[in-house]
Amino acid sequence: MIQVDQLVKRYAGMTALHGLSFSVQKGEIVGFLGPNGAGKSTTMRILSCYMPPTSGTAIVAGYDTYKESLDVRKRIGYMPENVPLYPEMRVVEYLDFRAALKGVPRSERRSQIEKVAEKCGVKDVLRRIIGQLSKGYRQRVGLADTLIHDPELIILDEPTIGLDPNQIRQVRGLIKELGKSHTVLLSTHILPEVEMTCSRVIIINRGRIVASDTPENLKRLRKGGGETLLEIKAETAAVEEEFKALANVTQVEVTSLPDRYLQVVLHPKGDADLREAAYERVKARGWALRELRRHAQSLEDVFVQITTEDD
Amino acid sequence: MSAVWILFRKEMMSYFYSPIAYIIGVCVLFLNGVNVTQIVKWLSQQPSDYSVFQVMFAGFFTWIVFLIVPPVLTMRLFADEKRMGTIESLMTTPLRDWEYVMAKFLSALCLYMMLWLPTVNIVFVLRHFAHDTAALELGPLFGGYLGVLMTGMLFLSVGCMASACTRNQVVAAVITFAINTAIFFVGLLFFMDAAGKLREVFEYVSLYGHMDELCRGVLDWRRPFFYLTSAAFFLVMTQRIVQSRQWKS
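Sequence lines, in order, name chains Z and X.
For what it's worth, numbering that gives the first Met the number 0 labels the leading residue of the first sequence as 0, then goes sequentially.
For what it's worth, numbering that gives the first Met the number 0 labels the leading residue of the second sequence as 0, then goes sequentially.
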């Protein structure tokens with residue numbers, strides 16, 4: 000669906016993209032992840048034919064975004080960052096205008112508007128003036144607009160920015176729903192969002208791709224990790240001695256908590272899971288144990304590690 | 000349905016949703032009213048060298064309308080799309096740059112002509128009360144409206160270009176007013192003592208001269224040609240400016 004090859008974009012005085020290459024298959028939901036200014040919006044603008052790359056090519060749905068931009072534009076639905084809309088229009092007028100512009104035949108426009116309004120939850124505000132809508136509704140009007148002509152590819156730039164947690168949840172559900180019938184490329188810097196919605200993640204930093212994989216695989220990427228955490232009531236020296244003797248333990252950190260409990264962190268060798276062995280030891284010594292868990296890998300750790308590595 | 004028509008309709012709708020169309024409409028009506036009062040007063044006092052239409056279409060108040068209305072009508076067109084970012088969602092639909100420019104230009108021109116519509120009334124009123132309708136022939140009348148249309152095309156196309164240059168409406172309006180006023184005054188230079196070739200050049204770009212002659216019912220094909228080519232020039236410039244975001248570096 001998307002084939003990007005050696006994409007370079009230079010603005011006056013700075014290079015936003017340094018030779019980006021990636022591809023997206025039909026039916027995927029791909030999350031585009033990166034800190035602010037990493038080049039996410041630039042890439043999306045190139046893919047949606049708003050501006051051309053300085054060099055390199057981007058093929059969307061089989062057409063070149065620069066040379067065959069009209070063919071590309073017919074097949075994509077793009078929602079820019081901050082969802083620009085015309086505040087003086089009514090929602091239904093806006094959707095009708097956009098549908099006409101995107102070539103939806105007059106006879107189908109009405110049913111199409113109803114369909115997307117239902118899907119995006121803007122059915123109750125169709126007669127309202129856009130300028131008076133809340134941010135959440137505007138976002139959904141924007142989403143409805145991207146879907147109105149049933150595009151093959153949906154590109155969403157920060158679809159959940161500025162929404163409250165409930166609205167984020169709704170939008171997330173909607174995106175997942177869309178993923179069943181469309182290819183979706185979305186950018187965000189909210190990590191749980193990607194973990195929950197995307198089948199694949201592309202992390203970019205300073206105009207370069209630093210990682211591209213499923214969220215699960217990416218989590219494994221992080222160096223180290225998988226520490227086991229315990230909180231026990233015991234003497235520091237005894238604890239250190241006991242756990243250092245365990246197989247597969249590389250390092251033991253002990254900190255005393257205010258209520259005479261100790262927090263113990265066990266660093267494993269490789270992927271080893273130390274929980275069972277640690278529990279056996281605690282049981283054998285008869286220590287009081289109130290917490291035992293393995294530090295879960297979050298995408299956030301991976302993200303922070305990857306995007307700050309070369310600082 | 001063609002994209003030009005779709006966008007044109009939306010633009011017309013936007014004009015009437017904002018107070019602009021009404022405010023400017025009232026102003027134009029007022030200025031035209033003053034204009035007619037002047038005509039009547041003046042012509043009933045003494046014989047004049049000027050015809051009714053010369054005063055009506057090329058008088059002082061008319062030129063105020065010519066210079067004030069286009070900046071107001073065009074300042075929003077392109078600048079606002081950029082300021083609000085809607086240009087991004089607009090230009091990622093299958094809409095060509097020239098369609099975008101033409102739709103905006105035509106909507107401004109349409110509203111502009113609508114503002115002149117009430118003046119048709121004035122002509123009928125004058126004809127009704129005049130003893131001799133010879134001074135109110137149809138030829139000069141059509142000439143006058145043709146002049147109104149073409150002056151509008153030129154000034155509005157300048158406005159489109161200015162609006163496409165910036166994201167600030169006020170800047171767009173000021174640039175438009177400045178360029179249009181400059182064009183107008185350059186044309187007036189031919190009243191000064193320029194001689195020979197230079198005088199011909201000034202005469203060719205003299206909007207006042209064109210208007211004056213059209214209102215006397217004289218149609219020289221060089222005049223529409225001047226207006227059409229210059230309006231086309233500014234529209235092509237506008238299209239280039241809109242397209243500049245697609246330049247590779």
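Don't be surprised by glycine CBs; every beta carbon is placed ideally from N, CA and C.
Keep in mind that this is a model prediction, so the values were computed, not measured.
Do you know offhand how far A102 of chain X's Cα is from Y49 of chain X's? For this step, residue 102 of chain X is matched to residue 103 along the second sequence. For this step, residue 49 of chain X is matched to residue 50 along the second sequence. Taking the straight line from one Cα to the other gives about 38 Å.
Do Y14 of chain X and S162 of chain X come within 8 Å of each other at the CB atom, strictly closer than that value? Your numbering for residue 162 of chain X matches position 163 in the second sequence. Your numbering for residue 14 of chain X matches position 15 in the second sequence. Contact: no.
Check the Cβ-Cβ distances between F96 of chain Z and every residue of chain X, and say whether any is below 8 Å. Along the first sequence, one-based indexing puts residue 96 of chain Z at 97. Yes, because at least one Cβ of chain X sits closer than 8 Å to the Cβ of F96 of chain Z.
Positions along the stretch 45-67 of chain Z whose CB lies within less than 9 Å of some CB in chain X: S47, C48, Y49, M50, P51, P52, T53, S54 and Y65
Select from Z:M78, Z:K66 and Z:F242 the residue whose C-alpha is nearest the C-alpha of T91 of chain X. Numbered from 1 along the second sequence, position 92 holds the residue referred to as residue 91 of chain X. Considering only alpha carbons, the answer is Z:M78.
Which residues bound the alpha helix (DSSP H) around E176 of chain Z? By one-based count along the first sequence, residue 176 of chain Z stands at place 177. It spans P164 to G178 - the alpha helix (DSSP H) in which E176 of chain Z sits, taken as one unbroken run.
Let me know if F128 of chain X comes out buried or exposed under the rule of 16 or more other beta-carbons within 10 Å of its beta-carbon. In the second sequence, counting from the first residue as 1, residue 128 of chain X sits at position 129. Per the 10 Å Cβ criterion, exposed.
Mind checking the stretch 237-254 of chain Z against chain X and listing, in chain order, the residues whose C-beta falls within less than 8 Å of any C-beta there? none
Assign A172 of chain X to buried or exposed, taking buried as 16 or more other Cβ atoms, counted over all protein chains shown, within 10 Å of its Cβ. As a first step, residue 172 of chain X is located in the second sequence; it is residue number 173 there, counting from the start. When all chains shown are included, A172 of chain X counts as buried.
If you draw a straight line from the alpha carbon of I202 of chain Z to that of A237 of chain Z, how long is it in whole angstroms? By 1-based counting over the first sequence, the position of residue 202 of chain Z is 203. By 1-based counting over the first sequence, the position of residue 237 of chain Z is 238. Approximately 44 Å between the Cα atoms of the pair.
Please return the same chain residues whose Cβ sits closer than 6 Å to the Cβ of T228 of chain X, not counting the five positions on each side in sequence. Working through the second sequence from its first residue, we reach residue 228 of chain X at position 229. There are no such residues.
If we ignore side chains and look at the alpha-carbon of each, how far apart do F29 of chain X and W246 of chain X end up? As a position in the second sequence, residue 29 of chain X is number 30, starting the count at 1. As a position in the second sequence, residue 246 of chain X is number 247, starting the count at 1. So the two alpha carbons sit approximately 46 Å from each other.
Evaluate contact between the stretch 73-87 of chain Z and the stretch 126-143 of chain Z, counting only Cβ atoms and requiring at least three cross-stretch pairs below 8 Å. yes
Could you list the residues in the stretch 97-109 of chain Z with a C-beta less than 8 Å from some C-beta on chain C, going in chain order? The chain labelled as chain C is not found among the protein chains of the depicted structure, namely Z and X.
Paired residues, beta bridge with V248 of chain Z - DSSP: To locate residue 248 of chain Z, count along the first sequence from 1; it is residue 249. Paired residues: Z:P267.
On the three-state DSSP scale, how would you describe K66 of chain Z? Indexing the first sequence from 1 puts residue 66 of chain Z at position 67. Coil, per DSSP.
In the DSSP assignment, the alpha helix (DSSP H) including G32 of chain X goes from what residue to what residue? Sequence index remark: in the second sequence, residue 32 of chain X carries index 33 (1-based). It spans I19 to Q44 - the alpha helix (DSSP H) in which G32 of chain X sits, taken as one unbroken run.
Since E290 of chain Z and E230 of chain Z should fall inside the 8 Å C-beta cutoff, what is the C-beta to C-beta distance between them, to a whole number of angstroms? What you label residue 290 of chain Z is simply residue 291 of the first sequence in a count that begins at 1. What you label residue 230 of chain Z is simply residue 231 of the first sequence in a count that begins at 1. The pair is a contact, with the Cβ atoms about 4 Å apart (cut-off 8 Å).
Per DSSP, what are the beta-bridge partners of R199 of chain Z in this structure? Locating residue 199 of chain Z in the first sequence gives position 200, counting from the first residue. According to DSSP, R199 of chain Z bridges with Z:V29.
Taking the continuous alpha helix (DSSP H) assigned at Q53 of chain X, which residues delimit it? Taking the first residue of the second sequence as position 1, residue 53 of chain X is located at position 54. Unbroken alpha helix (DSSP H) run through Q53 of chain X: V51 to A57.
Buried/exposed call for G161 of chain Z, threshold 16 Cβ in 10 Å: Position 162 of the first sequence, counted from the start, is the residue given in the question as residue 161 of chain Z. Exposed, by the Cβ-count rule.
Measure the CB-CB distance between C159 of chain X and A57 of chain X and report whether it falls below 8 Å. For the purposes of this step, residue 159 of chain X is taken as the residue at position 160 of the second sequence. For the purposes of this step, residue 57 of chain X is taken as the residue at position 58 of the second sequence. No, the Cβ-Cβ distance between C159 of chain X and A57 of chain X is not below 8 Å.
Distance CB(P34 of chain Z)-CB(T306 of chain Z) smaller than 8 Å: For the purposes of this step, residue 34 of chain Z is taken as residue 35 along the first sequence, with counting starting at 1. For the purposes of this step, residue 306 of chain Z is taken as residue 307 along the first sequence, with counting starting at 1. For P34 of chain Z and T306 of chain Z, yes; Cβs fall inside 8 Å.
Let me make sure I understand the geometry here. Which of X:E98, X:D211 and X:D219 has the alpha-carbon closest to that of S1 of chain X? Numbered from 1 along the second sequence, position 2 holds the residue referred to as residue 1 of chain X. The option with the nearest alpha carbon to S1 of chain X is X:E98.
Is there a C-beta anywhere in chain X that falls below 8 Å from the one on L152 of chain Z? Stepping through the first sequence from its first residue, residue 152 of chain Z is reached at position 153. So, not an interface residue.
Would you report the Cα separation of F31 of chain Z and L206 of chain X, rounded to the nearest angstrom? If you number the first sequence from 1, residue 31 of chain Z lands on position 32. If you number the second sequence from 1, residue 206 of chain X lands on position 207. In a straight line, the C-alpha of F31 of chain Z is about 56 Å away from that of L206 of chain X.
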